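This is the structure:
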């Protein structure tokens, strides 16, 4: 299911947007402040973000800049700020679209559908990091052209890391993203699968580290340089 984060401090508007999207088959996660939105962005993977600009704690402009450091998911600004200069600045900062308030419900839905289609067309079918290749359509993994046999969970972990090469995932991040369940503070599942995945990749290319451990925090894709 497509996951959309709705960042809007007005509860009535947030509820309305979530209702429009939920009725059309999307899963929505509401956030009512810049701080709560940023924490949610860091701990979950979203297919799209609807973002207001005038937010408490962290303004939408700053939130967009921070989000673009670790995600290229489509972002649609929905704001009462209607000045052309603001729209241009947000689009240049990394927004994919801009809707002015008050908005039309059908227009919001059409813009969401359009940007999701565009994002899917642009998504690469083959992720790469040095000699490591992963096809997101066939789920085939190779290192230096040699196939690597992975379990379903190992594939999900590797795909997540390769889709977000700059992001440092905590064990809680990985668990909720891959298993789709609340994190229960049991590191064994994550540690075991990471260890097995790392072992399989290194068995083909023993001189290279593909997954970096940041002690006390979590894991990230190792630099391909």
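Residue numbers (my numbering): 17 to 241. Heads up, the beta-carbon is just placed ideally off N, CA and C, and yes, glycines get one too. Predicted model, so just to flag it, every value in this text is computed and none were measured.
| Item | Value |
| --- | --- |
| Does the beta-carbon distance from residue 124 to residue 111 come in below 7 Å? | no |
| So, at 8 Å on beta carbons, what are the nonlocal neighbours of residue 45 in its own chain, with the 5 sequence-adjacent residues on each side left out? | 19, 20, 21, 22, 56, 60 and 62 |
| Nearest by alpha-carbon distance to residue 171: which of 162, 217 and 130 is it? | 217 |
| Do you know offhand how far residue 32's Cα is from residue 88's? | 25 Å |
| Does the distance from the CB of residue 36 to the CB of residue 51 come in under 7 Å? | no |
| Could you give the residue range of the alpha helix (DSSP H) that holds residue 188? | 187–195 |
| By alpha-carbon positions, which one of 232, 94, 159 and 24 ends up nearest to residue 120? | 94 |
| Could you name the residues that DSSP lists as bridge partners for residue 151? | 142 |
| Give a single yes or no on whether residue 159 has its beta carbon closer than 6 Å to a heavy atom of the ligand NAP. | What this structure holds is no ligand at all, so the ligand NAP is not there to describe. |
| Considering only their Cβ atoms, is the gap separating residue 159 from residue 147 smaller than 7 Å? | yes |
| When the Cα atoms are used, what is the spatial distance from residue 102 to residue 25? | 19 Å |
| Using beta-carbon positions only, say whether residue 183 and residue 48 come within less than 7 Å of one another. | no |
| Assuming residue 235 contacts residue 190 under a Cβ cut-off of 8 Å, what Cβ separation, rounded to an integer in Å, is found between them? | 7 Å |
| Let me confirm a value: residue 34 is counted as buried when at least 16 other C-beta atoms fall within 10 Å, else exposed. Which label applies? | buried |
| According to DSSP, is residue 19 part of a helix, a strand, or is it coil? | strand |
| Using the rule of at least 16 other Cβ atoms within 10 Å of the residue's Cβ for burial, across every protein chain shown, is residue 223 buried or exposed? | exposed |
| Since I believe residue 66 is in contact with residue 76 (beta carbons under 8 Å), could you give me their beta-carbon distance rounded to a whole number of angstroms? | About 10 Å; that fails the 8 Å criterion. |
| Assign residue 234 to one of three DSSP states: helix, strand, or coil. | strand |
| Could you give the DSSP three-state label for residue 52: helix, strand or coil? | helix |
| Give the DSSP bridge partners of residue 43, in chain order. | 19 |
| So within the region 44–115, which uninterrupted alpha helix (DSSP H) runs reach at least 4 residues, ignoring any that extend past its ends? | 50–59, 76–83 and 100–109 |
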